[in-house]
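K.L.:
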Amino acid sequence: MKTIKLLTGWVLIGLLLSLEAHGQYQLETLAGKPFNNITLEASLKPFKINEKAYIRAVAKEMFVQWQSLLRHADTVSIMLWTGDGSEILDYEGRMGQPLEWARYMGNPNTEHEVGSGPEELSIHERAFLYVDDPPKFTYGDLRFIIQALKEEGRQVTGKPIQVGATFDPGPEFAKSEFKYQKHPEILGGNAMGHKTFVNCYAVLNGDRDKYAGFPTGIPDQTPFGTFFGRQSQHFLTDLAFDFIWLSNGFGFGAEGWSSTGAIFDGKGFRQDQLAEFSHKVLGFWKLFRQECPDFPIQTRGTNLSVGADLARDAVDLRAIYDGGFNMLPPPNSPWAALDGDFGLELVGYLSRMAELPDNRFLFRYYTHDPWWLNSPWLDRYGREPHDIYLPMAVSRIDSNGNVAVPTHLSFLTIDDTYGNMPTQVPDEVIPHILKARYDQPTAPGPLVWVYPFDEYHDWAYDHRDRLPEVYYGDWFIRQAINNGFPLNTVISTTSFRSVVARSPHFFKESMLVTIAPDAGSSLEKDLISFVQGGGKLIVFGPVDHSSDSFRELLNLKNETPLSGEFTVDLKRQPDQLENDFPRLLNHRELFSGGGFRTVVNNTADPYTKVLAQATQEGQTRDAAWVRADPAWKGGQVAYVRGTNSSNFTGGRLLTPDNPEKYFTGPLLLRYVLEAFGTTLAIDKQSPEVKSPVLTIARSNNAFIFSGYHPNSTVRQRMKFKQGAPLLLGLETVLADSCSTYTLPTAWNRECRIFIEQGEGMVSHKELHSGQRGIKKRYSVSGLNRATVRVYAADDVDEQHFHAYVNAGYPWKKGHARFERKDDELGNYFLLTDVTGTLVVSW
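Residues 13 to 854, numbered by our numbering, are exactly what the sequence shown covers, in order.
1. Which same chain residues, not among the five before or five after D806, have their C-beta less than 7 angstroms away from its C-beta?
2. To the nearest angstrom, how far is the alpha carbon of G313 from that of D180?
3. Please report how far the alpha carbon of L446 lies from the alpha carbon of N567, in whole angstroms.
4. Around the C-beta of R761, are 16 or more other C-beta atoms found within 10 angstroms, so that it is buried, or is it exposed?
5. DSSP on Q811, reduced to helix/strand/coil?
6. Compare the Cα-Cα distances from W269 to each of G182, G654, T501, R372 and report the closest residue.
7. Please state if the CB of A114 and the CB of A186 are separated by a distance shorter than 8 angstroms.
8. State the DSSP-derived secondary structure class of D845, mapped to helix, strand or coil.
9. In terms of residue numbering, what span does the alpha helix (DSSP H) encompassing L329 cover?
10. Do you know whose CA, among G280, R282, D334, T425, lies nearest S89's CA?
11. Extract the residue ranges of the beta strand (DSSP E) inside the region 577 to 608, only unbroken runs of 3 or more that lie entirely within it.
12. If we count the other Cβ atoms within 10 Å of its Cβ and call it buried at 16 or more, is K557 buried or exposed?
13. Let me check one thing: in DSSP terms, what residues is G719 bridge-paired to?
14. With a cut-off of 8 angstroms on the beta carbons, I'd call S857 and L666 a contact; round off their distance for me.
15. Which of helix, strand or coil does DSSP assign to T752?
16. How would you call P929, buried or exposed, if buried means at least 16 neighbouring beta carbons within 10 angstroms?
17. Would you mind stating whether Y468 and G319 have Cβ atoms separated by less than 8 angstroms?
18. Would you mind giving the Cβ-Cβ distance between D427 and H380, rounded to the nearest angstrom? I have them listed as a contact below 8 angstroms.
19. Whole angstroms are fine: how far does the CA of F497 sit from the CA of H721?
20. Give me the residue from L368, M433, F296 with the minimum Cα distance to I409.
21. Classify E267 as buried or exposed, calling it buried when 16 or more other Cβ atoms lie within 10 Å of its own Cβ.
22. Near G794, which residues of its chain fall below 7 angstroms by C-beta distance, leaving aside the five closest residues on each side in sequence?
23. What three-state label does DSSP hand M365 in the structure shown?
24. Between the Cα of G654 and the Cα atoms of V611, A736, A513, which residue gives the shortest distance?
25. Express the C-alpha separation of R490 and S703 in angstroms, rounding to a whole number.
26. Quick one: what's got a C-beta closer than 8 angstroms to C750's C-beta in the same chain, skipping five residues either side?
27. Per DSSP, P110 forms a beta bridge with which residues?
28. Tell me the rounded alpha-carbon separation between K548 and R664.
29. Could you spell out where the alpha helix (DSSP H) holding L101 opens and where it closes?
30. Tell me the DSSP bridge mates of F47?
31. Pull up the distance between the alpha-carbon of P453 and that of L340, whole angstroms please.
32. Using a Cβ distance threshold of 8 angstroms, determine whether the region 390 to 409 contacts the region 128 to 135, with at least three qualifying pairs required.
33. How many angstroms separate the CA atom of R639 from the CA atom of T620?
34. Does the distance from the C-beta atom of A224 to that of I198 stay below 8 angstroms?
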């Protein structure tokens, strides 16, 4: 194999692309970590003419449009949204069998025939054909399409090509006689109306029709997992598919979209039925694998999170992960595109990757919807990349301390509702995907969620009425993220114990966030040791099952639990509002893991500082405080009781309290960061103005800030222990030593420089190299006796770092003195008493 190194020369790259595709040369031009697999999801709509030459031309175009991204993958896949999955259920084993396929816009499984009904009906109430005369396909035609995709894709990309089938439990994509006429007994849930989704653990009534796996009909009381598995085995094999995708929560309980389910009805938890329903869910996977043992499974999962799914719908994700089912875990939900609920998207994503079946996980991005007349990149997102940069800033840490990013990437979909594939979308989306990948996390972020994956599963089944606590935790973090808490790194409690046992100072630059552990548990002992050894820890939630030792660490005791409305007293409020926050807090014990009962035990302790209190009819509970004993070598612990300021009002998700009436309890999680030297303040007109969502990732020693501002009038003020962060390419007016920014809807900026300076306007820009041996050069102007910390790339040492004050090209004068540091603030270069313009390079 010949290797050609190209730093420039795009013409040469183009000339040699075909040689690279055929394996004759390996060009070292690609930056960033490659994906194991990139999947382009597509319906059959682009194949508007059922002619082989036309099908091949469309197949080729699919790969050509995305080739600049597909070069960054080991394998390329096409996932075909052929129908709604009923094409698998109906398959008789004949290539000549007519194919019912997703040739509609809207819902074809309503009481109204396709194209009929009153004009005022929405497309959720009836469907139209996507073109006047859509082509007719057989199963044999589908097999040719699959063949064409593999052959044309290989020719364009030079990569192995895989094609996947899809199964959706709902009514959305194609007409389904099987689900809604022949076998309605398999339906459950309320996602798109009462009993509209297939329940994975349903049982079929018998019928005498012919199926590929059941040529004499379905025996009465056949488990759906058995029937679906056997049909899938025949369908996938006969048509040369390579994997199957289970959509919209299928395989993960009975209700994939709602905050309620088989165990939780919005009023209470049925603990006594948890084991039974969990057994049914796991039983589906076992039955499916008995019939379809080898084809890889990819999954969409629910719209929620591990804790919420377990407590509401009996989804034992640990048992599913441990089942050896050769599955790819669920990715981020696409629902953030629909309602801007990035807190829910990130919580679900983080919680499901805390533990994995293996080292693989997927990031999925919503470009088009081929059914519902929207193309999120062009309309819902407004061509803004927030749903790229926020979830792609997410990372997990495994038990060996490795920082892991997605191995797989998928696009829903590359065609729109009319079967068009506008090149504008890949042309605009790909650069953001690649930049996010170039800036991928390489170290833990400033905040790390120590997720209780094993604890939640243990607590759910221990019959101590802890389902409310399991349910509460993820919803609380969801609201905290939606209110500006910058959480985008996760490690499971099990992996955390492994990492700190091997490397006690692994998290020296991070603040850990987790629940209160059980008395005498290994987690409890390790968290105490972490804090007393100099670590920074934030604990949230009830402390009803911890030991006296852990309560002593927190300086906490429990009083009689209270619930209902409280008056909140904030000792300090970082945010500034023209119309201030209300001071009424509604603590509902059902949604907050129990009643409000925490208080500081020893009020005379000089190392404990109360940050927030809540009072009800003369009784006070301490809502947040921080403690820093000098004996802890710089360690600190903060406690936030945490009110989940949400309620079930009958919709799909929990409804946040009215911010004009009630104080949002999860705000306290961001407010306590000030006690650790981190100010992330939000200035806005009134409480109902939505707050920005923020992620801060660490990449090659840089801080990568990404944000989503649902309201572009909001101003952010930021200060860390390192100083005020300077976002590259922008100016800032310092206020009380904080950098301040008013930012657009979506933004992504590198930060390598922090300054300590009270006020003034400061500008931070990147300059050209202009000098042999220099890769990066940055300037900071407007400094006034500032202390500056520069976070150069990981491999930069003192000999390769240069600093100049009030100097210019050819950089022979103005050398500034600096000091190399490696402490709790990280690995950086320190400069003091700097006035004027500073230029640094390496």
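Just so you know, even glycine gets a beta-carbon here, dropped at the ideal spot from N, CA and C.
Treat the numbers as computed from the prediction; the structure is a model and nothing was measured.
P.N.:
In short:
1. N712, N713
2. 11 angstroms
3. In this structure, the straight-line span from the alpha carbon of L446 to that of N567 is close to 47 angstroms.
4. buried
5. Three-state DSSP puts Q811 in a helix.
6. Distances from the CA of W269 to each of G182, G654, T501, R372 were compared; the closest alpha carbon is that of G182.
7. Against a cut-off of 8 angstroms, the Cβ pair of A114 and A186 comes out as a contact.
8. strand
9. 329 to 333
10. T425
11. 596 to 599, all fully within the region 577 to 608.
12. For the record, residue 557 in the displayed sequence is His; it is not Lys. Classification for H557: buried.
13. L706, W759
14. Any answer about residue 857 is impossible in this case: the structure gives the chain only from 13 up to 854.
15. strand
16. What is shown of the chain runs 13 to 854, which leaves residue 929 out entirely.
17. yes
18. That pair is a contact at about 6 angstroms.
19. 13 angstroms
20. L368
21. Buried, because 16 or more other Cβ atoms sit within 10 Å of the Cβ of E267.
22. Exclusion of the five residues before and after G794 leaves G772, M773, V774, S775 as the residues of its chain whose Cβ lies within less than 7 angstroms of its Cβ.
23. Of the three classes helix, strand and coil, the one that applies to M365 here is helix, per DSSP.
24. The closest CA to that of G654, considering only V611, A736, A513, is found on V611.
25. In this structure, the CA atom of S703 is about 13 angstroms from the CA atom of R490.
26. T691, A693, R729, M730, K731, A736
27. T150
28. 36 angstroms
29. 98 to 101
30. Its beta-bridge partners are A85.
31. Cα atoms of P453 and L340: separation of roughly 21 angstroms, rounded to the nearest angstrom.
32. no
33. 4 angstroms
34. no
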